[in-house]
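Residue numbers (our numbering): 1 to 83.
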């Protein structure tokens, strides 16, 4: 399992499109992928779960992946959140 905490720096707050893209990225990987903020942890492959999470610029989000391609999943999702 790999975890990486990143500071969100996306253009605009989490609207439907950025969240949908994030779910698509997470779904490319075989690993289990979660995002965590505070006491909330959601499955990054679940659009409903992701919609319940806020992504505010400057907020710390922890990307967690567990599986055979975990390093690649954490890298790509972290890069997306920080762009």
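By construction, the Cβ of each residue, glycine as well, lies at the ideal position given by its N, Cα and C atoms.
Here the structure is a predicted model, which means the values were calculated and not measured.
Taking C-alpha atoms, which residue in the options lies nearest to residue i?
i, options, result
"residue 47", "1, 80, 37 and 18", "18"
"residue 67", "37, 45 and 32", "32"
"residue 45", "56, 38, 29 and 37", "29"
Can you give me the Cβ contacts of residue i inside the same chain, cut-off strictly under 6 Å, excluding the 5 residues immediately before and after it?
i, result
"residue 82", "6 and 9"
"residue 59", "8"
Starting from the C-beta of residue i, find all residues in its chain whose C-beta is less than 7 Å away, skip the five residues before and the five after it, and write them out in chain order.
i, result
"residue 42", "34, 35, 49, 50, 52 and 53"
"residue 76", "25"
"residue 2", "65, 70, 71 and 74"
"residue 78", "4, 6 and 63"
Could you have a look at residue i and say whether DSSP puts it in helix, strand or coil?
i, result
"residue 4", "strand"
"residue 78", "helix"
Leaving out five residues before and five after residue i in sequence, what residues of the same chain have Cβ atoms less than 8 Å from its Cβ?
i, result
"residue 21", "80"
"residue 23", "44, 45, 46, 47 and 50"
Would you list, in sequence order, the uninterrupted beta strand (DSSP E) runs of no fewer than 3 residues that lie entirely inside the stretch 16-71?
32-37, 40-43 and 60-66
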